[in-house]
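Residues 1 to 395 (UniProt numbering) are what the sequence shown spells out, left to right.
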Amino acid sequence: MHEHHSALGLVKARKPILPVTLVRPHAAFRAARFFVEKLPGKSLYAVKANPDPDLLKVLWEAGISHYDVASMGEVRLVAQTLPEATLCFMHPVKATEAIEEAYFVHGVKTFSLDSMAELEKIRRATRGATDLNLLVRLRVSSEHSKLSLATKFGAEPGELPELLMAARQTADALGLCFHVGSQAMSPAAFGDAMERVRAAIVESSVTIDIVDVGGGFPSAYPDLDPPAMESFFQMIHEKFEDLPISYSAELWAEPGRALCAEYSSVLVRVEQRRGNTLYINDGAYGALFDAAHIGWRYPTRLIREEDSEAELVPFRFFGPTCDDMDKMEGPFFLPDDIGPGDYIEIGMLGAYGNAMRTQFNGFTTEEPVRVSDDPMMTLYGPRSEQDEASNVVRL
Ligand SMILES: *Cc1c(COP(=O)(O)O)cnc(C)c1O
């Protein structure tokens with residue numbers, strides 16, 4: 001992989017025609033160390049957020065030994081990339097063949113479920129295995145999070161006692177899990193969900209060996225400034241300590257976004273300007289799916305050899321495809337003298353950015369380039385300087 005100090009170094013060395021993913025292994029390493037050292041439990045990386053094999057290796061080096069996978073493709077990818085990793089199949093609705101292959105070929109022992117039908121499926125697919133960790137997923141609210149994960153999965157309180165009793169019969173270790181929704185903006189998201197866990201345990205009076213608080217840990221974005229990560233850990237720790245579970249029960253979490261958001265940014269080129277609309281060479285079918293479809297804002301900065309003195313003004317972006325939906329409203333703040341041929345670095349795209357890329361309409365990227373400067377924003381280092389450096393204007 002080519003290496004430059006920063007986006008500017010790359011633009012000075014050559015003028016890339018296609019978008020370039022800039023990766024920052026040091027930033028992912030720092031995030032992973034933070035979780036390994038400070039979360040009072042085990043962190044499973046949720047591979048969905050960014051399945052880049054180079055990233056998986058960085059997380060492994062940093063001490064992340066467990067991986068939350070949701071599909072056969074993710075099982076195979078992680079098994080191949082990190083043969084010693086422990087895989088946990090945390091999708092509550094799986095294909096029978098996927099469970100079979102995971103268990104018999106890749107040694108996966110941990111599965112989640114939210115229904116009697118899935119429990120029965122897991123029993124059949126593993127031919128009555130007795131060495132399983134089964135995690136029953138509860139439905140919890142997504143009210144404190146930017147992206148809901150509340151509608152598809154999770155057993156309702158009324159179904160839980162029966163499901164937990166039945167899972168207890170099959171499981172070697174029995175757990176409860178949930179997902180508060182992505183980009184939780186308050187520790188209360190976890191506090192409230194842990195109350196649901198407590199109620200489920202009390203009502204079903206089964207022995208619980210694992211409590212898995214799922215993902216949802218936030219990252220930093222221009223108008224989403226979450227409280228310190230420690231306050232989330234503190235809330236989880238307090239609630240966990242308070243549960244009626246055995247002294248040896250384990251606490252797990254499944255961070256996706258929080259481990260990889262700072263890992264990469266994308267360098268794009270402006271192809272045309274019309275008023276305050278910039279036509280750029282990446283978009284909704286590239287790394288900017290969330291920017292287009294849910295109006296997510298990312299930090300932006302002009303990358304040009306001579307700095308601009310112009311005032312920062314709000315822009316929207318049009319992506320390169322011919323599709324009307326390929327449009328990102330932002331606003332994205334950039335110097336008013338920006339124009340065709342200029343480059344923009346769009347930050348914090350390591351989570352749900354590159355993972356969403358398609359080749360629709362023939363628009364692809366160049367090979368990723370490694371850079372060594374700081375990510376444009378961070379939850380794991382000095383913050384005010386970072387925000388300034390990234391031209392972030394708070395609305
Ligand atoms: C998506 C997902 C995660 C990761 O969520 P983040 O918000 O990225 O932390 C974790 N667990 C499950 C089951 C998921 O579906």
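Glycine included, each C-beta is placed from N, C-alpha and C at the ideal position. The structure presented is a predicted model; accordingly, all values stated were derived computationally and were not measured.
query: Am I right that Gly330 and Phe318 are in contact with their C-beta atoms under 8 Å? What's the rounded C-beta distance?; result: Not a contact, Cβ separation roughly 11 Å.
query: Name the one or two DSSP bridge partners that Gln234 has.; result: None; Gln234 has no bridge partner.
query: Can you look up Trp252 in the DSSP assignment and give me helix, strand or coil?; result: strand
query: With His293 as the anchor, note down where its alpha helix (DSSP H) starts and where it stops.; result: 289 to 293
query: Determine the direct distance from the alpha carbon of Ser65 to that of Arg139, and round the result to whole angstroms.; result: 27 Å
query: In terms of alpha-carbon separation, which member of Leu349, Pro227, Met235 lies closest to Ala291?; result: Leu349
query: Look at Ser264 and Leu22 and say whether their C-beta atoms are less than 9 Å apart.; result: yes
query: I want to check one thing, is the minimum distance from the CB of Lys48 to the heavy atoms of ligand 1 below 8 Å?; result: yes
query: Do Pro299 and Met377 have their beta-carbon atoms positioned less than 9 Å apart in this structure?; result: yes
query: Where Ala85 and Gly73 are concerned, what is the direct C-alpha to C-alpha distance, given to the nearest angstrom?; result: 15 Å
query: Per DSSP, which one or two residues make a beta bridge with Asp212?; result: Cys177, Trp252
query: With a CB to CB cut of under 7 Å and the five nearest residues on each side skipped, what residues in its chain are close to Ser142?; result: Ser148, Leu149, Ala150, Val180, Gly181
query: Report whether the distance from the Cβ of His91 to the nearest heavy atom of ligand 1 is below 8 Å.; result: yes
query: Given Thr277, which residues of its chain have a CB within under 8 Å of its CB, disregarding the five upstream and five downstream residues?; result: Phe315, Arg316, Phe317, Phe318
query: How would you call Ile17, buried or exposed, if buried means at least 16 neighbouring beta carbons within 10 angstroms?; result: exposed
query: Express the C-alpha separation of Val36 and Leu59 in angstroms, rounding to a whole number.; result: 10 Å
query: Hey, would you say the C-beta of Gln272 is under 8 Å away from at least one heavy atom of ligand 1?; result: no
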